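Enquirer:
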Amino acid sequence: MKKVYLSILTVLTALTPLIADGNGVRVETEGFVNYRFRGNIYRHETADNSYEKNEYLHLLGYRFGAGATLSDHLSLHFLIGNNTYNGEPVTYTSSGNLSTGSTNPFFQQAYAAWTTDHLTTHFGILPITSHGALDLLERSLAPGQDSYAGAAHLGWNLGTHNSLAGFQVETHLLKGDIAFSPRLTYSLVDQGDRREPDWARDAVAYPSAKLFALDLPLTLNHLTITPQGFFHINREYNQDNEEGDHEFGLGASTEFAAGPATVRSRFGYAQFDYEVNADPGEEFTQSGIFAALGTTVPLRKTDLHFDAALNTDTRSANSTDHTDTYGQFDLRYSIYPVERLQITPRIRYFLTRNDDARHIESIDRIAPELIFQASF
């Protein structure tokens, strides 16, 4: 855990002089530690064979955050942790013994916020949430993925910890019971200089891959609707004809407060093509659909949560479509025996279905777990 302490110490050391100066700087901190007992029960079937596998895991997650309000217009925010949302496997070698060290934490967020009357500018590792479309984008950008497979299993929050390095501008057009604050985020996915030049001919362009994401959150009393879209320029680039393949996605989320209970939903569609990199006479298109529905019902000193997600991943080649389907059902019951302590029994069911006649398979996983979490 040495690197965890050093990272936290670095943030606190940077903030201490600001607090000591007494210039009205306000600092707030947050953090939690959770420990999970999880089982995984797998069943994998193909056209010819089937097998089952069981696993038993301990998982650890931790996070520490600090924010400093420097003035009415400027603030700094830091969030450090490990694989917080899913936890990381616990073994003797990952517990920080001298021979192997421990799991490395990283900055999930590190950004500045500059606020004026009608505009807020963020830059750094920003907090950014999926409203449907980004769940598909995360799978598309994952190393070695090149598809939207498994967005219902992972999604944006697990894959990115709801963060993205970039520059963001937010306008506050409406405030109060009716609020409207559009946000535009700009990030660089690939610098472009990793593409090997062709020294046998004249210099050609090697443009960077850029990502633009737009959120349009609209709040009407107890209802919040957030359309979301993204455009990924030069997802792939063909050096021969100096053209790029692009990716786009559209989606929306809703959240409605019905008394103490809340109901939420997300929907997204995304697509990218291989037009400029395809072989002559061939056309490839990858598309994905994502849908999720959930609710939280507060009970006496407890909360009941249910979420369901489904996504498809379709590859179209020469008028032939192949679609895989992924789903997840998640039931949690959170108990609060004392203040700041949460105990959550949880069970999830994951499914994968492949409809390709040449490679039929189905994968099912049941994952019961018990989570202990303390926070401040």
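Letter by letter, the sequence shown follows residues -20 to -1, 1 to 356 in mature numbering (1 follows the signal peptide of the UniProt record, and there is no 0).
The beta-carbon is built from N, C-alpha and C at its ideal position, and this holds for glycine as well.
In this text the structure is predicted, and so the values were computed from the model without any measurement.
In terms of DSSP beta bridges, what is Y15 paired with?
Expert: Position 35 of the sequence shown holds residue 15. Y15 pairs with L40, F352.
Enquirer: Which residues in the same chain have their Cβ closer than 6 Å to the Cβ of L273, if we skip the five residues on either side of it in sequence?
Expert: Taking the first residue of the sequence shown as 1, we reach residue 273 at position 293. Taken in chain order, the residues that qualify are S245, A288.
Enquirer: Just checking my contact of F210 with A189 at CB under 8 Å: how many whole Å lie between their CB atoms?
Expert: For the purposes of this step, residue 210 is identified with residue 230 of the sequence shown, where counting begins at 1. For the purposes of this step, residue 189 is identified with residue 209 of the sequence shown, where counting begins at 1. That belief does not hold up - the Cβ atoms of F210 and A189 are roughly 12 Å apart, past 8 Å.
Enquirer: Pull up the DSSP beta-bridge partners for V277, would you.
Expert: Counting from one through the sequence shown, the residue named residue 277 turns up at place 297. Beta-bridge pairing links V277 to L284.
Enquirer: Among A241, E235, Y254, which one has its Cα closest to the Cα of E227?
Expert: As a working note, residue 227 is residue 247 in the sequence shown. Nearest of A241, E235, Y254 to E227, Cα basis: Y254.
Enquirer: Applying the 10 Å Cβ sphere with the 16-neighbour rule, what's the burial state of T206?
Expert: As a first step, residue 206 is located in the sequence shown; it is residue number 226 there, counting from the start. Classification of T206: buried, given that the 10 Å Cβ count is 16 or more.
Enquirer: Of the residues L321, L311, Q322, which one's Cα is nearest the Cα of residue 358?
Expert: Because residue 358 is not part of the residues shown, which for the chain are -20 to 356, the question remains open.
Enquirer: According to the neighbour-count rule (16 or more other Cβ atoms, all chains shown, within 10 Å of its Cβ), is residue 357 buried or exposed?
Expert: A question about residue 357 goes unanswered here, because the residues of the chain that appear run from -20 up to 356.
Enquirer: Taking Cβ to Cβ, would you say D301 is nearer than 8 Å to A129?
Expert: Counting from one through the sequence shown, the residue named residue 301 turns up at place 321. Counting from one through the sequence shown, the residue named residue 129 turns up at place 149. The answer is no: Cβ separation not under 8 Å.
Enquirer: Starting from the Cα of T199, find the closest Cα among E349, L154, I105, R163 and give me that residue.
Expert: By one-based count along the sequence shown, residue 199 stands at place 219. Selected option, being the one with the closest Cα: L154.
Enquirer: Please determine, among I213, T305, N63, the residue with the shortest C-alpha to C-alpha distance to P85.
Expert: Looking up residue 85 in the sequence shown gives position 105. Out of I213, T305, N63, N63 has the C-alpha closest to the C-alpha of P85.
Enquirer: Identify, in the order they occur along the chain, each residue of the same chain with its Cβ nearer than 6 Å to the Cβ of S299, setting aside the five sequence neighbours on each side.
Expert: Counting from one through the sequence shown, the residue named residue 299 turns up at place 319. Cβ within range, chain order: n/a, list empty.
Enquirer: Please report how far the alpha carbon of E8 lies from the alpha carbon of Y31, in whole angstroms.
Expert: Here residue 8 refers to the residue found at position 28 of the sequence shown. Here residue 31 refers to the residue found at position 51 of the sequence shown. Computed Cα separation, rounded: 51 Å.
Enquirer: CA-CA distance, R320 and K281?
Expert: Translated into the one-based positions of the sequence shown, residue 320 becomes position 340. Translated into the one-based positions of the sequence shown, residue 281 becomes position 301. Rounded to whole angstroms, the gap between the alpha carbons of R320 and K281 is 12 Å.
Enquirer: Thinking C-alpha only, which one of Y186, P197, T242, A232 is nearest D220?
Expert: The count along the sequence shown starts at 1 and reaches residue 220 at position 240. Closest by alpha carbon: Y186.
Enquirer: If we require 4 or more residues per run, which alpha helix (DSSP H) segments fall completely within the region 70 to 139?
Expert: 113 to 121, all fully within the region 70 to 139.
Enquirer: Nearest to I105 by CA position, among I60, Y306, F236, is which residue?
Expert: Within the sequence shown, numbered from 1, the residue matching residue 105 stands at position 125. Cα-wise, what sits closest to I105 is I60.
Enquirer: Pairs of beta-carbons, one from the region 112 to 123 and one from the region 90 to 99, closer than 8 Å: are there three or more?
Expert: With a cut-off of 8 Å, the region 90 to 99 and the region 112 to 123 do not count as touching, because too few Cβ pairs lie within range.
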